[in-house]
Amino acid sequence: MIHAAAVLLVVGGGLWLGAALLGTLARERAGLLVTAGASALGGAAVAAGGTLVAVHGSGAVHTVGAGNLVGTVTLRLDPLAAVFVAVLGLVALALGLYVPRYHEPGAGSAYYLPALALAFFASLVVLVAGNAVVFLVAWESMTLFSYLVVLRHHRRPGVGRAAFLFLALGEAGFALIVAAFAILATQTGTLDLAGIAARSGAVSAGWRDAAFVLALFGFGFKAGLVPLHIWLPEAHPAAPADGSAFLSGLVLKLGVFGIALFGFELERGGPAWWGLLTMGLGALSAVLGILYALMERDLKRFLAYSSIENIGVILTALGGGMVFSAYGQRAIGAFLLLAALYHVVNHGVYKTLLFLEAGVVEHATGTRDMDRLGGLIHRLPASSVISLVGTLGIAALPPFNGFVSEWLIFQGLFQGFRIGSNLIGILIVVAGASLALTGGLAIMGFARAFGIPFLGMPRSRAAAEASERGQPLAGPGLLAAVCVALGVGAPLALTVLDRVARATSGIEIHSRLLLPQLTVIPAHTDFAAFSPTYLAVFLLCVAAVPLLIYLAGRPRGARRVVPVWDGGILDFRGTMQYTATTYANPTRVTFEALYRPEFHLERASDDPAGRSGPVHYRFQVLPIFERFLYRPVVRAVEWLADVVRPIQSGDVNLYLLYVLLVVIVAYLIYTY
Amino acid sequence: MDGTLVARIAETELESVVAGLGEHGARFADLFGTPEDGGVTGRLVYGLDDEQRYLVVETPLADRGHPPISDLEPAAFVEECELFEQVGIRPSGDRPLNRILMPPHAEHAFPLLGGGSRSAVPRELHAPHHVRGEAFEFPFGPVRVAGWESLYMGLVTTGEEVLDLYLFHWHKHRGVERRLQGLQPERGLFLVERTDGLSAVALSLAYCRAIEVAGGVEPPRPAASTRIVALELERIYNHAQSVALLCQTTGLSVGQAQAEIALEQLLRVNLAAFGHRYLFGVAALGGVRRGPEADAIRRLLPAAVDELRRAVQALLRTNSHVDRLEACGTVPGETARRLGLVGPVARASAIDLDARRDHPWPGWHEAAPEVAVRDGGDALARMEVMVAEVEEAQRLVLEQLPAAGAGTVDIPRGPGTGLGWAESPRGETLAYVSLDEGGRLARVRLRPAPVRNWRAFDDAARARNVFTDIPIIEASFWQTVAGFAR
Amino acid sequence: MNDELRLAGELRERIDGLFGRSLHIRTFDSGSCAVCESELRLLSSPYYDLHRLGLFFTPAPRHADLLLVTGAAVRAADAALRKTLEAIPEPRLVVAVGACALGGVFEEDELVHGRVDDVVPVDVYIPGCPPSPLALLHGLLVATGRLEEKVQALSFDLRREAVA
Amino acid sequence: MLWFLRGLRKGVVTTRYPRERDAWTDGLPSPPAFRSDLLTPTLAGRLVDACHSGALRLEGDELVLDLGSCGGCGDCVRLGGEAVYRSGEFELASRDREALVKRIPLGGAG
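Residue numbers (my numbering), protein chains in the order written: chain A, 1 to 672; chain B, 1001 to 1486; chain C, 2001 to 2164; chain D, 3001 to 3110.
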């Protein structure tokens, strides 16, 4: 069965490479369609392959040798990676269906589609790389292709800068990752991942810690952990809809994969403080992510910050799992890994959906500014329903998938009392509490992100005249269906992930999925239980009852439709509705110390005579990390560059002197 | 005209005169236009309060003939806009004017010039107020709480705090001044009383004083005392209403009930004293139509005021109520002076101004009313001023009762002009009358106190208040929309 | 002709039956002098307490059964008045309150209709300047059919009463 | 401050209307009632001029009283002497606007 999976993966990869080549022909409609179809099919194959590996990954790592290009290019079908491969395949499939109606054929698409397909391929290689070198090469090419994806609309202002920021931080992260692998490779003497995993136990504690921390921050750059996240809200709005969907749906997950790879496989059984550090950074990312998301008016920047929040949630779960495992509670540790992986899948699905819907909204109205949208549910009905499904999913409301995974994570974290030392138990529950705060703010954020653009009255002519004709529905529709399926069919999905968790952590976790009762229990029977399927059915019945009562008792009399009551003014205009900022005003007032907002107010009535007239109010949140972390670092680097500049005097003799000095120093070091 | 100086100047001197008066410290009171002998004559009324006299500056006005008066005297902005709406005189320069009495969409008809196109059903509201950026305009009104007047408030807010606020009073503009043109003074009195019913006595007394001054007569002594009694009774029940509304807006329903019980008893005192719950039909040209029922007042008034006093003292001891009023809708003294506020609103912002003491007409010299002033400038200060005024008003009523009686003096029918004033519960109310040959009303200018005070409501609302404070500020101001819109 | 009267009578009974129990009132000021408003506010004071009669003030016209219009129907407020009436679901009643609303004080001109009839169909008229709270209560009870009109029978001519 | 105690101490002040009519309502403004036999055309003319709210007008040989316009100010009662009394009526609500228009035949001579 594993061979079937391997074949599927190879076919998928091949299709993507073919799509890349065909993409160059995407100047006309036919070329574009073919490319999109190829990448969609590739996605489907890879998704199937990934699922197969996850299901049949019976704990052992299957290494399939391939030609020996540079050393042996060994591929590895690891169940942990299989989850991410499945998500990659699904995202690629959805994007493939989305592209034809979103991109016009032309020179731009001719360079963009190949870049996207190659980015898929590179991601696939990263996930199945068996050898550190292959991993690093694939990782770097994935970053480069993603950079090209973000550069699609390079003529628009700010896109270049955002893409460069993405690349720069990507390279910084890459450097740390290389260092981490270098340490492990030199200490364990092998480049093969399986080998490293086997011999990592013997490596001295100091080196293991260094390797983990380097990996955590290296992959953190790509995952969007808070201090390292600033490229995310810049790159997503710059990239086209499917580009940012790929970035958020997949690229962030590769960062998480990296951390999980180091935490749960290469350096399994690390000390507790690794888990605490990951959990701490995760909780911080979750809370700050949603807080900054609430202040964004641009739909895509909001979704970008919300991705940071969800990555924070996933890493908190992973961190919690590592802490529990370190303290011997291996069952809950494995359970939290399972919950984290399930959240990875869910977030991959509904975040991609929401980005694609944001693309549809921008495509239909020409703007992403929530304050100039409104009433789109009447203009784009199908897209509204789909994005409602996505919004309910990400806001973690039953019966959708987001609710199930957040419930699992919470049940795991709230069992902190099972750990011996009280301090650690309390820290875990505090992390759980911060996730709870994040959950609440997320519901408010997404009520705003759906309510302001889709409900109410149109706030601008563009929103009033949007039309759904020709908008892509297949891609997001598929993802919406997957959302509902993952939510209602959670027990099935958990059986697959249960295998993965067992393969990775080697424990038969107790979360016996009581299939006959379709219920889920968090590793211990005495704590909690819940059945997503029955809950969904129950909710449907509960919703049906009042509907039936209404239909039965509806007054038969003549119906008279009258506009909404507005206090009797002459014309109730769209601008008289709550805007995105004013909706989030309670949060802005409560967390004013964090935001430190600057606002600019011009009003005609400041005139001493009290003339009433136009009012203009602008509000800006202080970007703390850019201002207090990155700018000083950049200034320090520039200062250092100035200090060192004299060395480059342009005089050849001086350069020869430098060479001599270096040789002497090297000789001295060598002899001692 | 006794108590009033009239000065006639050319339009070119207008700017320097206004600037000069500003330095001299004269208080701007009114500005209005009258179509006279082919053109429009503008009249600026200034209160020379320490000399106990009004100064009326008359000047012929031409469209765009003078720089904006509101640049020199910010208090004159509302009247300057109204001047344009009624007689079509605009200041030079391109500073925009606001719509005060006419709806924004109605084309200009200059009613006082005899124009008057039927203002068609409003199609589209283009307010002077477009809101850009991240704030938004929260539409509040004109149909609001049950039993409150129609008033539209455009609350520009960032979610809770009120950034800016503009008011539309034009739903209630009945054009009384235009309607009074050409009527007999007696018929005019009937309409003037029903312009701002809650200050009926004050407005009708100002109107009657103006006609008496035009005719050069003085009302008989008993009538003057009756006028004081009626005016003070009106002040008491209005302040009781303000206390009741304050309780309603802060949500203290038992307090509201207690205040409403006192209010009802006061209205029944008015009924027993003058045969009308709101003291309509008391003032008459040249005197008063009927004297007060002295024994009924002595029997009922102290009990009613006692009821109100106990309710107010209980309120001032209730922290939840007082905290809501403190620093709510603050009008600093400087703003009050700049906007030329009058009445309890001004007295609560440290402006010691009261027409009864500063511009006494017959009867007030002996009454020597005591003026309560506070410097808080917020809703609590306004409530304290009103409470103190109720005590003072009761003293005045009981003191003037023995001398009060009916009786009027005949007024010779003939041309003439006169400026009358009175201290209504909301502040100094002016009425200017000019009669033609047949003794009919050529021009009547009514300036009830709300015309001056509603301006400060915007400033008070903008002083870092939130949505729920707006009704409280409105109740503490207790200005009527009918008084502003006429 | 008489079947028309019969129909009007039946309609009257049907409306009276519907509003027999509790009734929600929305008020509208179409240009009053604020005194009718003051009397309306006093209806909810302890002295008159319209709640004991099952009458309630409501801010939302959607929940209202009866529209109390005060003031002389200023033309600028027409749109607001019609919008308010339209927002009230049938069956509904309109009551004009005060001499201004019944056409007494202000004659028709460019700014004012002078009578509320010209803007919205009025079911019950309550005269008075201002009508006292008791007159308002009486008017509301007449509107809901729980009290009979008195003014039909009165002739205001003492000689005819003396003779009758 | 225990407000509800204040409320209770006040006791019930609510009127029993419409079952009983309070005494104080006799003082309420009310429209005029006429002695048509004493109502001479000249007196009727003076009454019409005295009524500023336009409630009285002369039509043929009848004095028309429009209760809808009458504010109950009592000027006509003071002017009319024997012929005009205070009707003391204040419950004047009616479904029919015409029912509020009363016609008083002029009976007196001269």
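Every residue, glycine too, gets a C-beta built ideally from N, C-alpha and C.
The model shown is predicted, which means the values in this text are computed figures rather than measured ones.
Taking the beta carbon of Val2124 (chain C) as reference, the chain D residues within 8 Å of it are Ala3093, Ser3094 and Arg3095, listed in sequence order. Ala433 (chain A) and Ala172 (chain A) have their C-alpha atoms roughly 32 Å apart. No Cβ of chain C is located within less than 9 Å of the beta carbon of Ile1473 (chain B). Secondary structure note for Lys222 (chain A): its alpha helix (DSSP H) is the uninterrupted segment Ala205 to Ala223. With the criterion set as a beta carbon lying under 8 Å from some beta carbon of chain D, the members of the region 1238–1261 of chain B are Leu1252, Val1254, Gly1255, Ala1257, Gln1258 and Ile1261, in sequence order. Using a CB distance cut-off of 9 Å, Phe2156 (chain C) does not count as an interface residue toward chain B. Across the set B:Asp1050, B:Val1057 and B:Phe1028, the C-alpha of B:Val1057 shows the shortest separation from the C-alpha of Gly1042 (chain B).
Apart from the 5 residues on each side of it in sequence, Pro597 (chain A) sits with its Cβ closer than 6 Å to the Cβ of Phe619 and Val621 in its chain, given in chain order. Interface criterion met: the Cβ of Glu2107 (chain C) is under 9 Å from a Cβ in chain D. In the structure shown, Pro2130 (chain C) adopts coil according to DSSP, grouped into three states. Per the C-alpha coordinates, the member of A:Ala463, A:Gly31 and A:Ala395 positioned closest to Leu437 (chain A) is A:Ala395. In the assembly as shown, Glu1264 (chain B) is a buried residue. Its beta-carbon has 16 or more other beta-carbons within 10 Å. The beta carbon of Asn1098 (chain B) sits closer than 9 Å to some beta carbon of chain A.
Residue pairing by DSSP places Ala1200 (chain B) in no beta bridge whatsoever.
Residues of the same chain with a CB within less than 6 Å of the CB of Val360 (chain A), apart from the 5 flanking positions on each side, are Ser383 and Gln471 in chain order. For Ile426 (chain A), the three-state secondary structure derived from DSSP is helix.
Proximity of the region 475–494 of chain A to the region 323–337 of chain A falls short of the contact definition, fewer than three beta-carbon pairs being nearer than 8 Å.
Residue environment: Tyr667 (chain A) is assigned as exposed (fewer than 16 neighbouring CB atoms within 10 Å of its CB, all protein chains considered). A residue is called buried once 16 or more other Cβ atoms fall within 10 Å of its Cβ, and Gln648 (chain A), having fewer, is exposed. One thing to note: Ala1449 (chain B) has its Cβ within 9 Å of the Cβ of Glu1428 (chain B). Residue state for Asn131 (chain A) is assigned as strand, using DSSP reduced to three classes. Taken atom to atom, the span from the alpha-carbon of Arg645 (chain A) to that of Phe174 (chain A) is near 26 Å. Between the region 351–360 of chain A and the region 386–402 of chain A there are three or more C-beta pairs closer than 8 Å, enough to call the two in contact.
At a cut-off of 9 Å between C-beta atoms, Gly3071 (chain D) counts as an interface residue with respect to chain B. In this structure, Val53 (chain A) lies near Leu77 (chain A), with their beta-carbon atoms less than 9 Å apart.
Minimum Cα-Cα distance from Arg155 (chain A) among the listed residues A:Gly567, A:Ala238 and A:Arg418 corresponds to A:Ala238. Glu2086 (chain C) has a beta carbon lying at 9 Å or more from every beta carbon in chain B.
Proximity of the region 1151–1159 of chain B to the region 1440–1447 of chain B falls short of the contact definition, fewer than three beta-carbon pairs being nearer than 8 Å. Excluding the 5 residues flanking it on each side, Ser123 (chain A) has same chain C-beta neighbours closer than 7 Å at Leu88, Met142, Leu250 and Leu254, in chain order.
DSSP assignment within the region 1052–1130 of chain B yields the following whole alpha helix (DSSP H) runs of 4 residues or more, N-terminal first: 1069–1072 and 1077–1087. Contact annotation: Pro114 (chain A) and Thr35 (chain A) have beta-carbon atoms nearer than 9 Å. Of A:Val500, A:Gly348, A:Asp242 and A:Gly320, the smallest CA-CA separation from Leu435 (chain A) is found for A:Gly320.
Sixteen is the threshold: since fewer than 16 other Cβ atoms of the shown chains lie within 10 Å of the Cβ of Asp1323 (chain B), the residue is exposed. The C-alpha of Gln1313 (chain B) lies about 14 Å from the C-alpha of His1239 (chain B).
With a threshold of 9 Å between beta carbons, Phe1190 (chain B) makes no contact with chain A. Annotated three-state conformation of Arg1289 (chain B) is coil, per DSSP.
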